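Trainee: Input: one structure, supplied below.
There are 6 protein chains.
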Amino acid sequence: MPSIPQTIIRSQVTQALAEDIGSGDLTAALIPENKQSTAHLICRDNAILCGQDWFTEVFQQLNQQIQIKWHYSDGESIAEDQCVCTLTGNSRDILTGERTAMNFLQTLSGTATVTASYVKHLEKSNIKLLDTRKTIPGLREAQKYAVRCGGGYNHRHGLFDGILIKENHIMAAGSIQKAVQNARNNSPHTLKIEVEIETLEELQQALTAQADIMLLDNMSNDMLKQAVEINNQQAKLEVSGDITHKRLKDLAQLGIDYISTGAITKHLTATDFSLRFES
Amino acid sequence: MPSIPQTIIRSQVTQALAEDIGSGDLTAALIPENKQSTAHLICRDNAILCGQDWFTEVFQQLNQQIQIKWHYSDGESIAEDQCVCTLTGNSRDILTGERTAMNFLQTLSGTATVTASYVKHLEKSNIKLLDTRKTIPGLREAQKYAVRCGGGYNHRHGLFDGILIKENHIMAAGSIQKAVQNARNNSPHTLKIEVEIETLEELQQALTAQADIMLLDNMSNDMLKQAVEINNQQAKLEVSGDITHKRLKDLAQLGIDYISTGAITKHLTATDFSLRFES
Amino acid sequence: MPSIPQTIIRSQVTQALAEDIGSGDLTAALIPENKQSTAHLICRDNAILCGQDWFTEVFQQLNQQIQIKWHYSDGESIAEDQCVCTLTGNSRDILTGERTAMNFLQTLSGTATVTASYVKHLEKSNIKLLDTRKTIPGLREAQKYAVRCGGGYNHRHGLFDGILIKENHIMAAGSIQKAVQNARNNSPHTLKIEVEIETLEELQQALTAQADIMLLDNMSNDMLKQAVEINNQQAKLEVSGDITHKRLKDLAQLGIDYISTGAITKHLTATDFSLRFES
Amino acid sequence: MPSIPQTIIRSQVTQALAEDIGSGDLTAALIPENKQSTAHLICRDNAILCGQDWFTEVFQQLNQQIQIKWHYSDGESIAEDQCVCTLTGNSRDILTGERTAMNFLQTLSGTATVTASYVKHLEKSNIKLLDTRKTIPGLREAQKYAVRCGGGYNHRHGLFDGILIKENHIMAAGSIQKAVQNARNNSPHTLKIEVEIETLEELQQALTAQADIMLLDNMSNDMLKQAVEINNQQAKLEVSGDITHKRLKDLAQLGIDYISTGAITKHLTATDFSLRFES
Amino acid sequence: MPSIPQTIIRSQVTQALAEDIGSGDLTAALIPENKQSTAHLICRDNAILCGQDWFTEVFQQLNQQIQIKWHYSDGESIAEDQCVCTLTGNSRDILTGERTAMNFLQTLSGTATVTASYVKHLEKSNIKLLDTRKTIPGLREAQKYAVRCGGGYNHRHGLFDGILIKENHIMAAGSIQKAVQNARNNSPHTLKIEVEIETLEELQQALTAQADIMLLDNMSNDMLKQAVEINNQQAKLEVSGDITHKRLKDLAQLGIDYISTGAITKHLTATDFSLRFES
Amino acid sequence: MPSIPQTIIRSQVTQALAEDIGSGDLTAALIPENKQSTAHLICRDNAILCGQDWFTEVFQQLNQQIQIKWHYSDGESIAEDQCVCTLTGNSRDILTGERTAMNFLQTLSGTATVTASYVKHLEKSNIKLLDTRKTIPGLREAQKYAVRCGGGYNHRHGLFDGILIKENHIMAAGSIQKAVQNARNNSPHTLKIEVEIETLEELQQALTAQADIMLLDNMSNDMLKQAVEINNQQAKLEVSGDITHKRLKDLAQLGIDYISTGAITKHLTATDFSLRFES
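Residue numbers (my numbering), protein chains in the order written: chain A, 1 to 279; chain B, 280 to 558; chain C, 559 to 837; chain D, 838 to 1116; chain E, 1117 to 1395; chain F, 1396 to 1674.
Here it is in structure tokens:
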């Protein structure tokens, strides 16, 4: 599971440490400067781990002597109350970094864990669960990585690496046909063209325009069935809107290719971790 | 409701735009360069609004000509399906900024709204609901502002503006007495001294040490009642651990001063907004 | 012709001004503080204009009162010795910014102009001329914009927005078949899969693997003809390697889709501009 | 040959990597995470090497375990098809950094090589070849270093470390005499005063004003001969304008001190390198 | 004596090196590239040492091979002409960093030394000497650390970690009573409330309002005596205004708690250091 | 009096505001959001004003509506208790910026004022008073500007814009002769060569080597007289070491060209300003 570029991680950690430490950790001064500690990170939930590189980077930036021994890898499932890793090193620096390191881990593991809970319903199908651009500001790439750790797949990362033609673009171009053609002429040839579709008529038009991917938005299961028939394997079909755990079972039967949902990245249920110091 | 320093907002928006736009908005090229639009931001949930300054800053950075007319202010309650604001200006730039602007608004309004749902249970008491340092990395100050918009209060912002003596600090100092004394001698005299308390015996020791605030962590309601009696108005009492909506009613009766919970900032239920363009 | 995100331009101009002005323009002190001037920017070559936003930004950062009236737009052809724009404002600031502003314009117009000279040979065909990642460090997006101004098209902008499977990737995956499959499974579904092809046998394998685009590298015209036949409209064909003005005419006849060349961005023939002050 | 401050190199490399890698190298995921490779960098042209520190820094920032063994040093002449250096380390990281590292090397070696081709014509004289401020935006110091590697010398680095009085400064001051005096009174006393001269009359005035260096701009060889006589060893003479390979031979005989030309830094002929992996 | 967060030190050193080295150390080129030296840092004054981390960081950023052996620690008293530390390593890099490293040391030791000279007069009392926000721009945290090294204590670090109600705040709130109440309701509960007091009447009002700390500004010794009586141990008393060495003796007798003065950080008497190279 | 590049000022102000405001001005919340005030800046000392651009920039960054009307310009002499400028605008923002703005003004005016006190002793001579590189870290360019405001002149700004050959450079090169020659061959030809001289013998050697400027360091007045004779107008003479107000009168008679002293920038006597609000 390749993580994201280290420079992004480095800069996010620097900022998070700055907002927590600011002009200095006032309480840390109570700990003798050279005291050493061993501490165990315990996961209090059943969860998918995500965020090791951020956790490690926090302590790297504070004190390169702190050692971390990991017992799980990103993407692995952890049972409640298991020990995730063990830290050894300067007590003061471990305490100063503790909250920032855990904030990354609880946020990203939370996203991976909820993603996995959706993916589970699609296991027997070939459908891929996709994320969206509805992410927490500043954490786009980190959350997209967490989605991958949870077994999901990434839709485009931003406006720069994918074409998604929506209602406003179609109206401005005059028709789906013209919008698709226009996009194909002006975008890097390495990109497919995706069109947001709200009616079966629009689907027909987009097929005529030879769009590569259809984003079927807010359609009922019945309507989706018709769409699958009309499409007849011509384009890839992505479904979005009202994606609940309950509905996933039904969607898994429909012959679509992708399901995308903002819920896995815009909502957040932090995983519960705690750090226990050896006495 | 004073917002947070503009430089923090500016830099967060710049980063969020960069991660979404990157090398450029490929689909925006389908919109004619000088097309003008009017669009209405609709709130799809009952919510407390939070994040106007970030929303505005997104469009400021993209195109200073875009006008935004707000119908609500941060901290105000919005009923489902109301129009929050109206944007007028260059269509391409409104579309390019739409997702980033809404990501800030949905995240921060989500935090404000959940905070308000906790605060509601404390309305008839004098107890203040406090946040913690369990926040989403990079959004510490923004979330603390959202907590204020939701009717909550801020605990210390980071390690730099408050003393909170925990188990490790006490063990290192030798006793609660020594830890409190040590902290009082070395911290800015403008700060109170808070001690995390897990037993009634510790409470007694901390009172003897004249700590200003007691953080009563993970105590049962019964134990809290005893603590209130022992304290006898000497120190301020803050309660944390297992803070649920259900338990708040009981806690409201106990004569404590503050309740703090990480749940309002580490979990997140994004508020649902959508942007409707006038045709 | 949409330009690149303004934040990129802003930051490039800030850096370029810093490296030229440093601790201050020592000679500018000879010009009276409030002197006003009018100056005309003359293009000394036949060229395609590119870089207006950078040129303008230089003076914006130095003095927002300086007015620039443009007589041409980016992408337009300028004949030798024509006046490109007229500046009016504080003499000292115009002199301080002159060299930095012209360095951007001469570099980017140079790239646009050489691109146009290649594109000219393909005018009667449907072949698109593409750039590569062989660019001047720090100017990737700026040069890609210059290529568009010159009538060329952009290949992927970086490693993040396109899949290009090369020899090393194939060896690591075991076969073209496996590499393509692997890439399709793990990349955003909005991206096409391109494979670098050196033999007709590899072409056959890549067609079997249903790769979307074939990068035919360093093939003779004869070999390319065979490739076109074998391909039989299945995949898009891109040709690279040894792309000279002379050879373009022949390539234009072959039925391929794209020609890509590093020469238009890695070499540079700066366009000659001069700034003439009205006396 | 002292290189430029490491902080400048570090920041240029960080930016160049960011514009190439962005949200991540999509194709690199095809390479197994722990695969090791050895690769040889081959120079395809006769060239002067320049840019080792940038090349090295690229891989340092990606993976500090990658080893580079250099067979040549910056400023040395390399014959076509020689191996410049050998890299050993993680395959994926070598592939991710390959293009960015080579873009620096091909750009800077290109500048060093073209500089050396000019310098060659001046070998038997004492004339120094100087660069100008006509550089590629963002690469001023890097190119000035490349000029030194090619045997050239640096004119002032920017507006901050040299006084060059041009036509506009003279007009504003009223006369060459006044401009020189004014400059001498107000600039750091460690700087010489240089004046741009277009006529022999101006030369006479600048000599009277005791300017230290005369920049003889766009003069014919005959006019230059007269200038040398008039100057009679009083000031240093620098010649600029229409500096071609062909004309250098003649200029070398004239008794001038410096020749400056923008051509060596504003135009660019990238040196051709390729990276060959051991199979 | 815990120093300040390393990221602040790192960034201050990077900036200071940039403003001194800029495009490169021109004179350093006279030193052979691989020459090694040993140099001794001598303190020319009786002083309190402060600034080791900055001094060390300067050479770390230039050349990680340079070794520094310290003979004193921050906060220790050094007699005139003692050797503070010994550097061993690359001569050129030691020379390049010398001035920047010493500028930090002379500035911060200067602040520590003057602080110690004030603190000396308070040794027999329990009064703490406090700094203020009257600091040198950019060096707030560094100077606050120097104050601690000199035996002083820190008042609030900025506007973010302390409440100090001044005349304008009182006027805006309507009364001291209302201002204190308002502040108590809206600030983090971990902060005490301090009020600036100019008359004994105001003191009485602030006591009624239960402010925690009284800043008695510009009062005569007699008036201070009355204030101490009126206060009668209720609030903490801080005295500011016209704090001279001479007056400190008298103030030490008055029963106040803190004395704060801007003089120790806004004025500066640099400590004299010199670096002697072994020949 | 041209100030320093605006980007340097902007960045210094941003940093200074950040270190003072951090997560927000807690006390400012006591002031009603829309309250307007008028405030007068009073200078409490006889001083030379310096720092207007920084003062203005502080309020620009906080609130662009705040108006400042200046009654003096940088470099002008202000008598005690005069009003320097008047601010009108939002009360809360004026209070938030007050300390940061005044910290710049008191620091830079302090440097300008002490410079003027030295310059006064040289008024009847042609000797220029020069600063050095002994400056407060982060404020090099700002202090050099303050020196100019006080009537002094700038020595080199850093290691990048001047050659100063010291003892270590001479030892490394082998002799003064070789060091000067080496420097002349390798530095930009726009720079003069200065040599630090400690004995008359060294002066003789440096004259033979045709160094442009002699830095006569730590010589007695008698020795300086001999140096002036030996020099006999060949090189420029700069004197440093033990420069006191008292000695300046004698030095003014000696026929030297420049006097340089670190005292004007390494020590600091802040000018006293206060801000009075209209009630």
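All residues carry an ideal CB built from backbone N, CA and C; glycine is no exception.
The model shown is predicted, which means the values in this text are computed figures rather than measured ones.
What residues of chain B sit near ILE163 (chain A), judged by a beta carbon separation below 7 Å?
Mentor: Within 7 Å Cβ-Cβ: LEU305 and THR306.
Trainee: Could you tell me which residues DSSP pairs with ARG1215 (chain E) in its beta bridges?
Mentor: For ARG1215 (chain E), which the question treats as bridged, DSSP gives no partner whatsoever.
Trainee: In whole angstroms, what separates the C-alpha of MET1618 (chain F) from that of ILE1625 (chain F)?
Mentor: Computed Cα separation, rounded: 11 Å.
Trainee: Report all residues from its chain with a CB closer than 7 Å to the CB of ILE68 (chain A); omit the five preceding and five following residues, and keep chain order.
Mentor: Same-chain partners within the cutoff: THR56, PHE59, CYS85 and LEU87.
Trainee: Considering just the uninterrupted stretch of the beta strand (DSSP E) at TYR145 (chain A), what are its terminal residues?
Mentor: Counting along the chain, TYR145 (chain A) falls outside any beta strand (DSSP E), though it belongs to the alpha helix (DSSP H) covering 140-149.
Trainee: On the premise that VAL180 (chain A) lies in contact with ALA206 (chain A), defined as a C-beta separation below 8 Å, what is that separation, rounded to the nearest angstrom?
Mentor: Contact flag correct, Cβ pair sits at about 7 Å.
Trainee: Roughly how many whole angstroms lie between the Cα atoms of ALA421 (chain B) and ALA549 (chain B)?
Mentor: Going from the Cα of ALA421 (chain B) to the Cα of ALA549 (chain B) covers about 14 Å.
Trainee: Is the distance from the Cβ of ASP1190 (chain E) to the Cβ of CYS1166 (chain E) below 7 Å?
Mentor: Contact flag set, yes.
Trainee: Under 7 Å between the Cβ atoms of ASN1337 (chain F) and GLY1636 (chain F)?
Mentor: The requested residue 1337 (chain F) is not part of the displayed model; chain F covers only 1396 to 1674.
Trainee: Short check: CB of GLN902 (chain D) to CB of GLY926 (chain D), under 7 Å?
Mentor: Yes, they are a contact pair.
Trainee: Among D:ILE1080, D:GLN843 and D:ILE931, which residue has its Cα nearest to the Cα of THR875 (chain D)?
Mentor: Nearest option by C-alpha distance: D:ILE931.
Trainee: What residues match up with ASN1458 (chain F) in a beta bridge as DSSP calls it?
Mentor: Note: ASN1458 (chain F) sits in no beta bridge, so no partner.
Trainee: Less than 7 Å between the C-beta atoms of LEU1245 (chain E) and PHE1389 (chain E), yes or no?
Mentor: Not closer than 7 Å, so no.
Trainee: Just to confirm before moving on: does the CB-CB distance between PRO974 (chain D) and ALA793 (chain C) stay below 7 Å?
Mentor: No, Cβ-Cβ distance for PRO974 (chain D) and ALA793 (chain C) is not below 7 Å.
Trainee: Consider the Cβ of HIS1026 (chain D): report whether some Cβ of chain C lies at a distance smaller than 7 Å.
Mentor: Closer than 7 Å: no.
Trainee: Which residues does DSSP list as the beta-bridge partners of SER1193 (chain E)?
Mentor: Paired residues: E:ILE1164.
Trainee: Beta strand (DSSP E) containing THR86 (chain A): first to last residue?
Mentor: That run of the beta strand (DSSP E) goes 82-90.
Trainee: Would a C-beta distance cut-off of 7 Å place LYS226 (chain A) and LEU200 (chain A) closer than the cut-off?
Mentor: This sequence places Gln at residue 226 (chain A); Lys is not what is there. Yes, the Cβ-Cβ distance between GLN226 (chain A) and LEU200 (chain A) is below 7 Å.
Trainee: Tell whether a beta-carbon distance below 7 Å holds between GLY1268 (chain E) and THR1231 (chain E).
Mentor: Yes, the pair counts as a contact, with Cβ atoms nearer than the cut-off.
Trainee: Near THR658 (chain C), which residues of its chain fall below 7 Å by C-beta distance, leaving aside the five closest residues on each side in sequence?
Mentor: Closer than 7 Å at the Cβ level, and outside the excluded window around THR658 (chain C), lie ALA574, LEU575, ASP578 and VAL616.
Trainee: Could you tell me whether any Cβ in chain C is nearer than 7 Å to the Cβ of ILE1608 (chain F)?
Mentor: Chain C, which has no Cβ nearer than 7 Å to the Cβ of ILE1608 (chain F), makes this no.
Trainee: Kindly indicate which three-state DSSP category ARG1126 (chain E) falls into: helix, strand or coil?
Mentor: It is helical.
Trainee: Could you name the residues that DSSP lists as bridge partners for SER907 (chain D)?
Mentor: Correcting the residue identity first, residue 907 (chain D) is Trp in this sequence and not Ser. Answer by DSSP bridge pairing, in chain order: D:CYS922.
Trainee: What does a CB cutoff of less than 6 Å around ALA983 (chain D) pick up in its chain, not counting 5 residues either side in sequence?
Mentor: Closer than 6 Å at the Cβ level, and outside the excluded window around ALA983 (chain D), lie CYS887, LEU945, THR948 and ALA949.
Trainee: How many whole angstroms separate the CB atoms of ASN382 (chain B) and LYS134 (chain A), which I take to be in contact at a CB cut-off of 8 Å?
Mentor: About 7 Å; that satisfies the 8 Å criterion.
Trainee: Would you please verify whether the beta carbon of ARG1405 (chain F) is less than 7 Å from any beta carbon of chain I?
Mentor: Absent from the structure: chain I. Protein chains present are A, B, C, D, E and F.
Trainee: Which residue comes first and which comes last in the alpha helix (DSSP H) that contains ILE455 (chain B)?
Mentor: Start and end: 455-465.
Trainee: I'd like to know whether the C-beta of SER454 (chain B) is nearer than 7 Å to at least one C-beta of chain A.
Mentor: For SER454 (chain B), the answer is no, since every Cβ of chain A falls outside 7 Å of its Cβ.
Trainee: TYR990 (chain D) bridges to which residues according to DSSP?
Mentor: TYR990 (chain D) is bridged to D:LEU967.
Trainee: When the Cα atoms are used, what is the spatial distance from GLU634 (chain C) to LYS1103 (chain D)?
Mentor: Rounded to the nearest angstrom, the two C-alpha atoms are 22 Å apart.
Trainee: Using three-state DSSP, classify LYS35 (chain A) as helix, strand or coil.
Mentor: Coil, per DSSP.
Trainee: Name the two residues that bound the continuous beta strand (DSSP E) containing ALA817 (chain C).
Mentor: At residue 817 (chain C) the sequence reads Ile, which differs from the Ala that was named. Note, ILE817 (chain C): beta strand (DSSP E), 816-818.
Trainee: With a cut-off of 8 Å, do at least 3 Cβ pairs link the stretch 1548-1559 of chain F to the stretch 1137-1150 of chain E?
Mentor: With a cut-off of 8 Å, the stretch 1137-1150 of chain E and the stretch 1548-1559 of chain F count as touching, because enough Cβ pairs lie within range.
Trainee: ALA1327 (chain E): which of E:ILE1120, E:GLN1293 and E:GLU1394 sits nearest, CA to CA?
Mentor: Considering only alpha carbons, the answer is E:GLN1293.
Trainee: Could you run through the stretch 131-147 of chain A and flag, in chain order, every residue whose CB is less than 8 Å away from some CB of chain B?
Mentor: Here the close residues are ARG133, LYS134, THR135, ILE136, PRO137, GLY138, LEU139, ARG140 and GLU141.
Trainee: Pick helix, strand or coil for PHE55 (chain A), following the three-state DSSP scheme.
Mentor: Note: PHE55 (chain A) maps to helix in three-state DSSP.
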